[in-house]
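Residue numbering for the sequence shown follows our numbering, beginning at 3 and increasing consecutively. Here the structure is laid out as structure tokens; the discussion comes afterwards.
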Amino acid sequence: MGMSSIKKIVVVVDGDDHQSVLLKSEWLAKQTGAKLNLVKVVYDRFVGVKRVLGNENVEKIRNQLIAAQEAALSELVTGLKHRGIEAEKQVLWHPNPAEAICKCAKYGDVDLIVKAVRPHHRWGHLLTSVTEWNLIRHSAVPVLFVKDAHHYDARPVIVALDIGSEDEVHQELNRQLIHEAAQWQKLTGAPIHVVAAYPLPSMDVPAEFSVVNYEALREEIEQGYRQGVMSLLDKHPLEYAQIWVREGVVEDVLADVANQIQASLVLVGTVARTGVSAVVMGNTAERVIDAIDCDVMVLRHGALVELA
Numbered sequence: 003m004g005m006s007s008i009k010k011i012v013v014v015v016d017g018d019d020h021q022s023v024l025l026k027s028e029w030l031a032k033q034t035g036a037k038l039n040l041v042k043v044v045y046d047r048f049v050g051v052k053r054v055l056g057n058e059n060v061e062k063i064r065n066q067l068i069a070a071q072e073a074a075l076s077e078l079v080t081g082l083k084h085r086g087i088e089a090e091k092q093v094l095w096h097p098n099p100a101e102a103i104c105k106c107a108k109y110g111d112v113d114l115i116v117k118a119v120r121p122h123h124r125w126g127h128l129l130t131s132v133t134e135w136n137l138i139r140h141s142a143v144p145v146l147f148v149k150d151a152h153h154y155d156a157r158p159v160i161v162a163l164d165i166g167s168e169d170e171v172h173q174e175l176n177r178q179l180i181h182e183a184a185q186w187q188k189l190t191g192a193p194i195h196v197v198a199a200y201p202l203p204s205m206d207v208p209a210e211f212s213v214v215n216y217e218a219l220r221e222e223i224e225q226g227y228r229q230g231v232m233s234l235l236d237k238h239p240l241e242y243a244q245i246w247v248r249e250g251v252v253e254d255v256l257a258d259v260a261n262q263i264q265a266s267l268v269l270v271g272t273v274a275r276t277g278v279s280a281v282v283m284g285n286t287a288e289r290v291i292d293a294i295d296c297d298v299m300v301l302r303h304g305a306l307v308e309l310a
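The structure is reproduced here in structure tokens:
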């Protein structure tokens with residue numbers, strides 16, 4: 003497979019059920035030769051009661067908590083090393099897990115963050131947490147959200163393109179996603195499926211007042227989106243790429259296609275925001291993570307990892 007340019011992966015160890023994220027990370031390390039940095043973020047609000055406990059007691063408790071987590075991570079690191087994986091551990095004391103992880107990645111020359119996503123205990127389905135929400139928006143490197151312990155194999159990989167946004171930022175992000183899909187294809191031999199979802203205006207208008215031929219409009223929009231995909235692939239070819247252009251909400255279309263072809267991974271992009279839009283949940287990337295059952299890799303514009 004040749005030398006890879008991915009060198010270091012942060013593996014977020016979150017909770018007791020970390021087998022899926024370790025399995026996927028170990029596979030990536032074997033394929034790329036990357037070093038794994040197992041990271042656990044811990045914090046306890048008791049530090050706010052220093053007035054009662056005293057600084058010395060608070061520091062003792064803090065050190066005990068960190069030592070316990072370091073011991074647990076040491077066992078995982080030892081197991082990885084026995085299987086030939088270069089690995090290290092890091093326990094971070096921080097009230098904001100996403101901020102701690104992003105800083106760890108930024109200052110540790112990290113190329114990729116891997117984190118498990120679990121069903122919400124109350125609703126039984128995946129619900130993007132504040133940590134994932136902030137990782138999507140602030141990570142300077144791609145984030146792989148893991149949902150199951152299945153090995154990556156020749157199952158299809160989906161790349162979700164935003165054809166409707168014509169600005170250069172989104173077009174560059176589309177090119178990044180295609181490049182990333184090609185990297186995964188080299189690693190796994192998996193076929194690539196390119197998905198583009200398009201909206202239609204509301205049809206809640208009585209037929210006698212409608213001046214729009216919606217069927218013709220649908221065909222025109224679909225043709226335009228398909229041409230947009232083909233134009234991107236002409237400049238950045240993928241081997242054996244299958245194209246899906248469908249009407250609907252992005253996350254619904256992706257979920258349908260992913261389920262139909264039994265995809266192992268969906269690649270989706272996101273663009274950094276400012277102002278109110280930066281703090282409103284509802285970004286496409288979060289909705290995609292909630293909607294589909296396979297792993298999702300999120301790339302922010304400008305964040306790119308060379309896997310192979």
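Glycine is no exception: its CB is placed at the ideal position from the N, C-alpha and C atoms. A quick note: this is a predicted structure, and the numbers were derived from the prediction, not measured.
- Check the Cα spacing between Trp-246 and each of Ser-266, Asn-285, Tyr-200: the tightest is with Tyr-200.
- If you check the CB distance, Ser-22 and Ala-118 come in under 7 Å.
- Around Val-171, the same chain offers Val-273, His-303 as residues with beta carbons nearer than 8 Å, after the five sequence neighbours per side are excluded.
- Judged by beta-carbon spacing, Ser-141 lies beyond the 7 Å limit of Cys-106, meaning their Cβ atoms are not closer than that value.
- DSSP, reduced to helix, strand and coil, places Arg-302 within a strand of the structure shown.
- For the pair Val-159 and Leu-30, the CB atoms are not nearer than the 7 Å cut-off.
- Pairing Val-259 with Val-290 gives a Cβ-Cβ distance that is not under 7 Å.
- Between Val-41 and Val-14, the C-beta spacing is below 7 Å.
- Boundaries of the alpha helix (DSSP H) around Asn-136: 132 to 140.
- Apart from the 5 residues on each side of it in sequence, His-96 sits with its Cβ closer than 7 Å to the Cβ of Val-43, Tyr-45, Ala-102 in its chain, given in chain order.
- The three-state secondary structure of Tyr-200, taken from DSSP, is strand.
- Here Asp-236 carries a helix assignment [DSSP, helix/strand/coil].
- Rounded to the nearest whole angstrom, the C-alpha separation of Gly-191 and Thr-34 is 15 Å.
- By alpha-carbon distance to Leu-301, the top candidate from Ala-293, Ser-7, Asp-295, Glu-288 is Glu-288.
- Excluding sequence positions up to five before and after Asn-39, its CB lies within less than 8 Å of the CB of Lys-10, Ile-11, Val-12, Val-13, Ala-89, Glu-90, Lys-91, Gln-92, Cys-106, Gly-110, Val-112, all in the same chain and listed in chain order.
- When the beta-carbon positions are compared, Asn-176 and Leu-189 stay at least 7 Å from each other.
- A Cβ-Cβ separation of about 4 Å places Ala-293 in contact with Glu-253 under the 8 Å criterion.
- Taking a contact as a CB-CB distance under 8 Å, the pair His-181 and Ile-263 does not count as one, their CB atoms being some 21 Å apart.
- Positions of the beta strand (DSSP E) runs, each at least 3 residues long and wholly inside the region 23 to 87, are given as 37 to 44 in order along the chain.
- Of the residues Arg-157, Gly-17, Asp-18, Leu-25, the one whose Cα lies closest to the Cα of Val-148 is Leu-25.
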